[in-house]
């Protein structure tokens with residue numbers, strides 16, 4: 172924008188200035204050494220452009236610094252450069268010198284005055300009118316534009332966190348990522364670990380298998396590339412396991428209340444952990460011989476080492492959580508029996524373990540393997556002797572995991588068949604890229620119609636070509652079959668990875684009435700409080716939402732623990748956490764304003780990858796620190812025009 176024509180009036184005295192302002196009123200603006208005048212004129216901040224600029228800097232006798240009456244007197248038109256260089260100010264009033272030095276640039280400090288700086292109008296758009304639509308961090312957005320050099324304010328006190336930045340807002344568990352990144356920058360990884368544990372008791376797990384929604388919300392993508400949050404969290408998680416005794420946090424006092432958690436996956440483990448820290452007796456019941464749920468039996472070891480998982484679970488148990496494994500709901504115990512044992516509340520975290528079928532002819536053939544059953548079978552029985560070509564049906568993480576596992580089980584050729592395109596695949600991009608690097612092919616816009624047999628032998632799949640139509644309920648384009656496009660896809664094995672349903676066997680064999688279910692056969696739990704239709708029984712994770720991510724399950728477990736605590740204390744159940752956050756002063760990470768290359772983890776060459784060793788190697792501490800310095804620590808930096816006013820208040824100025 173360009174500046175319009177205006178009249179410039181040089182005030183002869185303070186009385187003259189008062190007279191001129193009374194004459195021109197709102198059509199006049201004052202310049203007295205503040206740094207806001209260009210913004211007001213050039214950016215047209217005001218709805219009415221000023222006709223007169225009244226210059227107060229021409230008034231004599233208002234530029235001085237002198238000690239008087241046991242204090243310091245500073246004239247209103249004393250420049251900031253004069254203040255910051257004055258020996259008396261530097262020696263006795265260092266905070267004022269530092270605040271003056273922190274304002275803008277040397278050129279502006281040469282012109283700017285203390286009076287003008289204190290009285291200047293805030294340039295931040297947040298203050299420019301109640302009806303403006305500028306979407307900044309303070310108004311519920313993800314970022315303050317000052318980080319991009321727009322309306323920048325300089326602050327020796329740092330910035331103000333008045334809302335959740337993009338990374339934390341995108342994280343289902345609302346982990347305060349900038350806060351722990353700041354601790355890593357300060358060299359305090361131990362405190363960074365404590366911050367993560369406030370929300371997530373399994374960071375070594377999420378550092379390996381979380382889909383890192385946080386990185387998708389990272390504002391740094393507008394500059395170069397997102398911060399490698401997952402890689403940093405992985406190292407912090409490993410640090411916790413290396414120093415586990417320092418982080419075991421038993422409750423200060425027991426509260427006498429007992430809670431049963433049915434299901435030992437990520438939701439159940441998180442719920443038990445947070446209940447235990449508040450003094451509840453928490454007991455996990457799980458049908459498997461070991462806790463972990465889908466983490467243990469559904470995620471390949473090359474993505475999540477069972478040794479790491481064992482240590483994470485041991486960390487939870489060492490806080491006093493009790494585990495009862497090999498106990499299946501409806502067979503070894505019931506909800507009635509849990510109540511009779513004196514449990515005050517129950518959390519159902521049963522997961523989703525029933526594989527969905529393809530719904531085609533002959534799919535019960537022994538060479539047709541349900542995806543989750545295939546992955547679980549490898550865990551229980553070791554790698555099956557696969558040979559020839561394996562076709563994997565689906566486009567999610569289970570399909571990718573199954574394809575990569577099949578290749579490591581001896582298959583000569585693995586092909587994923589997906590009915591949409593790459594853009595619609597729900598699997599993580601990194602997992603897809605890893606599969607491609609390993610030699611797995613993906614055939615898009617293909618769907619199976621029936622299993623083709625020659626006697627009892629599998630020949631392959633009769634498939635059809637698809638095209639994308641209008642969006643369906645998921646928001647993705649609906650795949651539409653192209654008539655007459657059928658073809659034979661030869662395969663020796665087929666793995667069907669089309670999702671899972673909930674297994675609710677034994678759930679409603681109760682004396683207190685049935686627990687309400689959803690149309691999709693999940694448990695109908697309030698999405699904010701996790702309360703079911705039966706008082707005192709809560710549900711969360713996959714059993715309520717259907718298959719989701721590890722971090723979503725952990726978030727459900729943590730938030731359920733908060734609601735169980737409120738319920739048993741007779742308090743109102745908590746609502747879901749919003750974007751708001753109590754204001755917190757933050758230091759500004761100036762290093763992050765420079766362009767920098769994203770740190771990545773070293774990886775095993777595709778030709779050397781195997782079933783039982785992780786593909787990626789945890790970052791070293793120096794690389795973790797480098798990546799933490801890339802974090803913008805997104806906050807509102809327009810809390811005040813400069814730090815001069817707060818510094819003067821702190822010094823008791825009048």
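Residue numbers (this note's numbering): 172 to 825. Backbone N, C-alpha and C define an ideal beta-carbon position, used for all residues, glycine too. As the structure is a prediction and not an experimental result, all values here were calculated from the model.
Distance check for residue j and residue i, CA to CA, integer angstroms please.
{"i": "residue 518", "j": "residue 587", "result": "37 Å"}
{"i": "residue 328", "j": "residue 767", "result": "Here the model assigns residue 328 a pLDDT of 45, short of 50, so the residue's position is not dependable and the matter cannot be decided."}
{"i": "residue 476", "j": "residue 774", "result": "15 Å"}
{"i": "residue 379", "j": "residue 529", "result": "30 Å"}
{"i": "residue 368", "j": "residue 580", "result": "37 Å"}
{"i": "residue 814", "j": "residue 286", "result": "13 Å"}
{"i": "residue 472", "j": "residue 480", "result": "10 Å"}
{"i": "residue 251", "j": "residue 202", "result": "15 Å"}
{"i": "residue 724", "j": "residue 459", "result": "18 Å"}
{"i": "residue 393", "j": "residue 387", "result": "11 Å"}
{"i": "residue 677", "j": "residue 432", "result": "15 Å"}
{"i": "residue 501", "j": "residue 679", "result": "9 Å"}
{"i": "residue 718", "j": "residue 670", "result": "7 Å"}
{"i": "residue 694", "j": "residue 675", "result": "8 Å"}
{"i": "residue 443", "j": "residue 708", "result": "15 Å"}
{"i": "residue 661", "j": "residue 585", "result": "11 Å"}
{"i": "residue 429", "j": "residue 465", "result": "25 Å"}
{"i": "residue 655", "j": "residue 569", "result": "30 Å"}
{"i": "residue 284", "j": "residue 274", "result": "11 Å"}
{"i": "residue 363", "j": "residue 722", "result": "18 Å"}
{"i": "residue 407", "j": "residue 490", "result": "20 Å"}
{"i": "residue 118", "j": "residue 414", "result": "The requested residue 118 is not part of the displayed model; the chain covers only 172 to 825."}
{"i": "residue 227", "j": "residue 196", "result": "16 Å"}
{"i": "residue 239", "j": "residue 823", "result": "15 Å"}
{"i": "residue 605", "j": "residue 593", "result": "14 Å"}
{"i": "residue 180", "j": "residue 231", "result": "15 Å"}
{"i": "residue 486", "j": "residue 542", "result": "30 Å"}
{"i": "residue 635", "j": "residue 653", "result": "7 Å"}
{"i": "residue 235", "j": "residue 263", "result": "17 Å"}
Report back the beta-carbon spacing between residue i and residue j to the nearest angstrom; my notes put them in contact at under 8 Å.
{"i": "residue 700", "j": "residue 734", "result": "5 Å"}
{"i": "residue 692", "j": "residue 672", "result": "6 Å"}
{"i": "residue 782", "j": "residue 554", "result": "6 Å"}
{"i": "residue 441", "j": "residue 372", "result": "6 Å"}
{"i": "residue 382", "j": "residue 720", "result": "5 Å"}
{"i": "residue 577", "j": "residue 666", "result": "6 Å"}
{"i": "residue 248", "j": "residue 188", "result": "At roughly 12 Å, the Cβ-Cβ gap does not stay under 8 Å, so residue 248 and residue 188 are not in contact."}
{"i": "residue 270", "j": "residue 818", "result": "4 Å"}
{"i": "residue 650", "j": "residue 618", "result": "7 Å"}
Starting from residue i and walking both ways along the alpha helix (DSSP H), at which residues does that stretch end?
{"i": "residue 555", "result": "First-last for residue 555: undefined, no H or E at that position."}
{"i": "residue 701", "result": "From DSSP, residue 701 is part of no alpha helix (DSSP H); its letter is neither H nor E."}
{"i": "residue 639", "result": "Note, residue 639: premise wrong, no alpha helix (DSSP H); beta strand (DSSP E) at 628 to 642."}
{"i": "residue 410", "result": "400 to 413"}
{"i": "residue 738", "result": "721 to 739"}
{"i": "residue 195", "result": "185 to 195"}
{"i": "residue 444", "result": "437 to 448"}
{"i": "residue 649", "result": "No alpha helix (DSSP H) holds residue 649; the beta strand (DSSP E) holding it covers 648 to 652."}
{"i": "residue 419", "result": "Run containing residue 419: none; DSSP gives neither H nor E here."}
{"i": "residue 821", "result": "815 to 821"}
{"i": "residue 277", "result": "277 to 282"}
{"i": "residue 430", "result": "Looking at the DSSP string, residue 430 is not in any alpha helix (DSSP H); the run it does join, the beta strand (DSSP E), is 429 to 433."}
{"i": "residue 688", "result": "Here residue 688 belongs to no alpha helix (DSSP H), and DSSP marks it neither H nor E."}
{"i": "residue 795", "result": "792 to 799"}
{"i": "residue 462", "result": "No alpha helix (DSSP H) holds residue 462; DSSP gives it neither H nor E."}
{"i": "residue 360", "result": "360 to 368"}
{"i": "residue 705", "result": "That residue, residue 705, is in no alpha helix (DSSP H); it is neither H nor E in DSSP."}
Which residue marks the beginning of the beta strand (DSSP E) containing residue i, and which one marks its end?
{"i": "residue 614", "result": "612 to 615"}
{"i": "residue 665", "result": "664 to 667"}
{"i": "residue 343", "result": "Neither: residue 343 is in no beta strand (DSSP E) and is coded neither H nor E."}
{"i": "residue 661", "result": "658 to 661"}
{"i": "residue 454", "result": "452 to 457"}
{"i": "residue 375", "result": "Segment 374 to 380 is the alpha helix (DSSP H) holding residue 375; no beta strand (DSSP E) there."}
Please determine whether the Cβ atom of residue i lies at a distance below 7 Å from any heavy atom of the ligand NAD.
{"i": "residue 536", "result": "Among the ligands in the structure shown, none appear at all, so the ligand NAD cannot be discussed."}
(message) Suppose only complete runs of 3+ residues qualify. What are the beta strand (DSSP E) ranges in the region 464 to 510, listed by chain order?
(response) Correct list: 493 to 496.
(request) Check whether the region 630 to 646 touches the region 490 to 498, counting contact only when three or more Cβ pairs, one atom from each stretch, lie closer than 8 Å. (result) The region 630 to 646 makes no contact with the region 490 to 498, as fewer than three CB pairs between them are under 8 Å.
(message) Would the region 337 to 353 count as touching the region 674 to 684 if we require 3 or more Cβ pairs under 8 Å?
(response) No, the region 337 to 353 does not touch the region 674 to 684.
(request) Report yes or no: do the region 610 to 630 and the region 520 to 538 share at least 3 C-beta pairs separated by less than 8 Å? (result) The region 610 to 630, when compared against the region 520 to 538, does touch it at the 8 Å Cβ threshold.
(message) Counting beta carbon pairs with one atom in the region 506 to 514 and one in the region 626 to 634, are three or more of them shorter than 8 Å?
(response) By the Cβ rule, the region 626 to 634 does not count as touching the region 506 to 514, because fewer than three pairs are nearer than 8 Å.
(request) Flag this pair as touching only if the region 789 to 802 and the region 391 to 408 have three or more C-beta atom pairs under 8 Å; answer yes or no. (result) Segments in contact, yes.
(request) Taking only runs that begin and end inside the region 232 to 270, name each unbroken beta strand (DSSP E) of 3 or more residues, in chain order. (result) Every unbroken stretch of the beta strand (DSSP E) spanning 3 or more residues and falling wholly within the region 232 to 270 is given here in chain order: 236 to 239 and 242 to 245.
(request) Go through the region 559 to 587 residue by residue and report every complete run of the beta strand (DSSP E) that reaches 3 residues or more, in order. (result) Restricting attention to beta strand (DSSP E) runs no shorter than 3 residues, the region 559 to 587 encloses them at 560 to 564, ordered along the chain.
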